[in-house]
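Reading through the structure tokens given below for one structure.
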Amino acid sequence: MKRFLAFAALVSLVLIAGCAPFGTDETKCYVTGYIYTDADQTIPAEGIMVMSRGDSLNTFDQSTYTDANGMFMIQVEIYPSPGEEGTGYSLPEFAKIGLEAWYQGASYVYADVQGDPFNIQLGDTLTVWPVDLETEWF
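Just so we're aligned, residue 171 is where the sequence shown starts under the working numbering, counting upward by one.
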């Protein structure tokens with residue numbers, strides 16, 4: 171009987187340790203898109219900084235740069251927040267983020283975290299519309 175209890179305790183410990191939800195795909199979402207230099211959107215813009223703006227509660231600011239194809243991808247980590255009345259932590263189902271791109275003093279705002287943010291479900295990828303440096307930046 172003692173062997174069975176010890177075995178059951180060991181199996182339970184392994185299962186609990188193997189189920190760490192934080193830092194897995196279920197606690198992240200992704201944002202991807204393309205930026206071009208021309209209005210016809212045929213010439214990729216390399217080296218443009220793209221930043222996700224977090225709500226400072228469950229998400230935080232992160233940035234990346236476009237690659238040689240004008241593509242960017244940001245991995246947004248979602249963090250748990252304290253539960254009601256100090257009862258543990260809860261992980262939201264959606265991430266609330268803003269998204270901006272910056273290049274030589276000009277910017278493009280896809281979504282404003284304070285005004286009209288993107289709400290992305292955990293584990294999903296949001297593909298934003300392509301933009302160009304000629305006509306859409308201020």
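By construction, the Cβ of each residue, glycine as well, lies at the ideal position given by its N, Cα and C atoms.
Separation of residue j from residue i, as counted between CA atoms
i: Y280; j: W299; result: 9 Å
i: I218; j: T257; result: 43 Å
i: T207; j: A238; result: 12 Å
i: S260; j: T197; result: 12 Å
i: A265; j: T212; result: 32 Å
i: Y249; j: L269; result: 18 Å
i: D294; j: C199; result: 5 Å
i: S277; j: W307; result: 6 Å
i: Q291; j: T305; result: 31 Å
i: D286; j: P262; result: 18 Å
i: I205; j: L296; result: 15 Å
i: E247; j: A209; result: 33 Å
i: N143; j: Y273; result: In the structure displayed, the chain extends from 171 to 308; residue 143 sits before or after that span and is not available.
Residue j beta carbon less than 8 Å from that of residue i
i: T233; j: V201; result: Checking the sequence shown, residue 233 turns out to be Ser, not Thr. Taking 8 Å as the Cβ cut-off, S233 and V201 do not qualify as a contacting pair.
i: I267; j: T229; result: yes
Local Cβ density within 10 Å of residue i, reported as buried at 16 or more and exposed below that
i: D302; result: buried
i: G240; result: buried
i: A271; result: buried
i: G312; result: The first residue shown for the chain is 171 and the last is 308, placing residue 312 beyond what the model contains.
i: A215; result: buried
i: L227; result: exposed
i: P252; result: exposed
In DSSP terms, what residue i is bridged to
i: Y235; result: M219
Expected contact under 8 Å - CB spacing of residue i and residue j to nearest Å
i: I244; j: V283; result: The pair is not a contact, with the Cβ atoms about 13 Å apart (cut-off 8 Å).
i: G203; j: F242; result: 6 Å
Closer than 7 Å: residue i CB and nearest the ligand FMN heavy atom
i: S226; result: As presented, the structure is devoid of all ligands, the ligand FMN included, so that no description of it is given.
Residue-chain proximity (residue i, chain D), Cβ-Cβ < 8 Å
i: N228; result: Here chain D cannot be found, since the structure has a single protein chain.
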